[in-house]
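Chemist:
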Amino acid sequence: MSQPRSVKIGDNERGGWSSDRPRKAGEAERPPRQQDVSVRGRVLSPTFRMRYNPGSLLVIVCADPALRAKFVARVIEEQSTVFSLDKVKALLAGKVAAEEIDAKAQTLLDAAVAKRFAAGASVVVPVEGLSAEERERYVRAAAAHRRARHIILVEAGKDSVAEEDRAPLTDLRNRLDAGELGQEGFMTSLRLGGRNVEELKKIIFAPPPADD
């Protein structure tokens, strides 16, 4: 019977999936592979009161800035959990050069959110845009501290949605309804439209009742 054959693999032949593969002289280091934040997400049904576990991230998306602000002010029981780019920009107005406000505000918001997650505190972020990239920065911040992630899409009237927002809004709506936002890292998703927006009275962060 022939002996088992040993195959030696040279350093320059090792699998491309390994980030530990030796680098050639002068070869730039590859950036670290990003954490896979995808989960099996659930689509929730509207109710008059929503409860999320303390320490969770809740992202609120709405194409109408006025409706978004009104909704957040009305339903979030603990307003100290709300961290928005608009608020930070308002605080920086007159203190930072106009051309630097956007970048500075995002940096401060990212730091504040990360600090909250590290402390096990809840975070609500009403995002300004509709892109997955904008949501991703907050999902990753929460995932880094093993915090739960949730999203609510608040539908606005057609006349309140800018023309450039209609396509990304339709895409987000379709993906949410299909249960696909788990791919972005959201454990639950909820879409509110029409009367459901007003029927939701309160969002709280609290442990489940003892009999759950």
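Take 1 as the starting number for the sequence shown in the UniProt record's numbering and just add one per residue. We put the CB at the ideal spot given by N, CA and C, even for glycine. In this text the structure is predicted, and so the values were computed from the model without any measurement.
By the DSSP assignment, the beta strand (DSSP E) with R126 in it spans what residues?
Modeler: Here the question's residue 126 lines up with position 126 in the sequence shown. First, the amino acid is wrong: residue 126 is Pro here, not Arg. It spans V123 to V127 - the beta strand (DSSP E) in which P126 sits, taken as one unbroken run.
Chemist: Between the alpha carbons of D177 and G94, how many angstroms are there, rounded?
Modeler: Counted from its first residue, the sequence shown places residue 177 at position 177. Counted from its first residue, the sequence shown places residue 94 at position 94. Taking the straight line from one Cα to the other gives about 42 Å.
Chemist: Pairs of beta-carbons, one from the region 88-107 and one from the region 187-206, closer than 8 Å: are there three or more?
Modeler: They do not touch, by the three-pair rule.
Chemist: Measure the Cβ-Cβ separation of V88 and L109 and say whether it is below 9 Å.
Modeler: Locating residue 88 in the sequence shown gives position 88, counting from the first residue. Locating residue 109 in the sequence shown gives position 109, counting from the first residue. Yes.
Chemist: Could you have a look at R33 and say whether DSSP puts it in helix, strand or coil?
Modeler: As a first step, residue 33 must be located in the sequence shown, where it is residue number 33. Coil.
Chemist: Assuming H150 and L58 are in contact, meaning their beta carbons sit under 8 Å apart, how far apart are those beta carbons, in whole angstroms?
Modeler: Indexing the sequence shown from 1 puts residue 150 at position 150. Indexing the sequence shown from 1 puts residue 58 at position 58. H150 to L58, Cβ: 5 Å. Contact.
Chemist: Buried or exposed: where does R146 fall if 16 or more other Cβ atoms within 10 Å of its Cβ makes it buried?
Modeler: Working through the sequence shown from its first residue, we reach residue 146 at position 146. Exposed, since its Cβ has fewer than 16 Cβ neighbours within 10 Å.
Chemist: To the nearest angstrom, how far is the alpha carbon of S45 from that of E128?
Modeler: Reading the sequence shown from its first residue, position 45 is the one you call residue 45. Reading the sequence shown from its first residue, position 128 is the one you call residue 128. When rounded, the distance between both Cα atoms is 24 Å.
Chemist: Between the Cα of L130 and the Cα atoms of R173, G179 and A103, which residue gives the shortest distance?
Modeler: Residue 130 sits at position 130 when you count from the first residue of the sequence shown. That would be R173, whose Cα lies nearest to the Cα of L130.
Chemist: My understanding is that P207 touches P54, with C-beta atoms under 8 Å, so please give their C-beta distance in whole angstroms.
Modeler: If you number the sequence shown from 1, residue 207 lands on position 207. If you number the sequence shown from 1, residue 54 lands on position 54. Indeed they touch by this definition, with Cβ atoms about 7 Å apart.
Chemist: Determine the DSSP secondary structure at residue 215, reduced to helix, strand or coil.
Modeler: An answer regarding residue 215 cannot be provided, because it is not within the stretch 1 to 212 covered by the chain.
Chemist: Quick check on DSSP: helix, strand or coil for A69?
Modeler: Taking the first residue of the sequence shown as 1, we reach residue 69 at position 69. Helix.
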